[in-house]
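Have a look at the structure below, then the notes.
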Amino acid sequence: MDDVVVPYRPFECMLTGFVNDTAVDLARFYKDGHVAHPGDPFGEVFAWLWDYQRSTAVSSFAQLMATAKDNTPDGTKLTMEELIRGLRFALHRTRLSDAGEFDAVERTLRKELPARFGGRTDL
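If you want it as structure tokens, here you go:
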């Protein structure tokens, strides 16, 4: 695959649109208590960001979570834990699917996400 150089602002816009669309689709098809799978394309983008801009990977996951929660049908509860479990499936084609690698992703998300939501622990 050829590399493409994209200035940061257009990259940021494309990433935001991709994450929002992914979150809306995830919310539309999510059923309480099931795996909240964001899809393989999200997993591949997340893995790439994790390697090159880890803080952007975490921000993208936070954006996915917030947008998905805002778009679930009334009465449907979507938790951070369900999304982290779903991320594991989405990363199956990446090096982050290795147990030790995914453990680091989980720890980082559990540590950093509450601060991005005003310190809430009920995510």
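Take the sequence shown: its letters are residues 1039 to 1161, numbered as in the working numbering.
Where a beta carbon is used, it is the ideal one built from N, C-alpha and C, also for glycine.
Spatial distance of residue i from residue j (CA atoms)
i, j, result
"A1153", "V1043", "32 Å"
"P1111", "D1063", "12 Å"
"R1123", "A1142", "14 Å"
"T1117", "L1161", "6 Å"
"G1157", "D1040", "41 Å"
"N1109", "E1050", "22 Å"
"S1093", "P1045", "18 Å"
"F1080", "T1060", "7 Å"
"M1052", "K1149", "27 Å"
"R1145", "P1048", "30 Å"
"V1073", "F1067", "11 Å"
"A1017", "Q1091", "What the structure shows of the chain is the stretch from 1039 to 1161, and residue 1017 is not part of that stretch, so it cannot be assessed."
Segment limits, alpha helix (DSSP H) that includes residue i
i, result
"Y1090", "1078-1090"
"F1169", "Since the first and last residues shown for the chain are 1039 and 1161, residue 1169 lies out of range."
"V1057", "1046-1067"
"A1128", "1118-1128"
Sub-9 Å separation of residue i and residue j beta-carbons
i, j, result
"L1121", "A1106", "yes"
"Q1101", "T1159", "no"
"A1085", "F1155", "no"
"D1078", "A1137", "no"
Own chain residues within Cβ distance below 7 Å of residue i, not counting five before or after
i, result
"E1082", "R1131, T1132"
"E1139", "R1133"
"D1070", "T1114, K1115"
"H1075", "G1124, F1127, A1128"
Own chain, CB closer than 8 Å to residue i, minus 5 neighbours either side, in chain order
i, result
"L1151", "V1096, F1099, A1100, M1103, M1118, L1161"
Other residues of its chain near residue i: CB distance less than 6 Å, five sequence neighbours each side excluded
i, result
"V1163", "Lying outside 1039 to 1161, the shown extent of the chain, residue 1163 is not represented and no answer is given."
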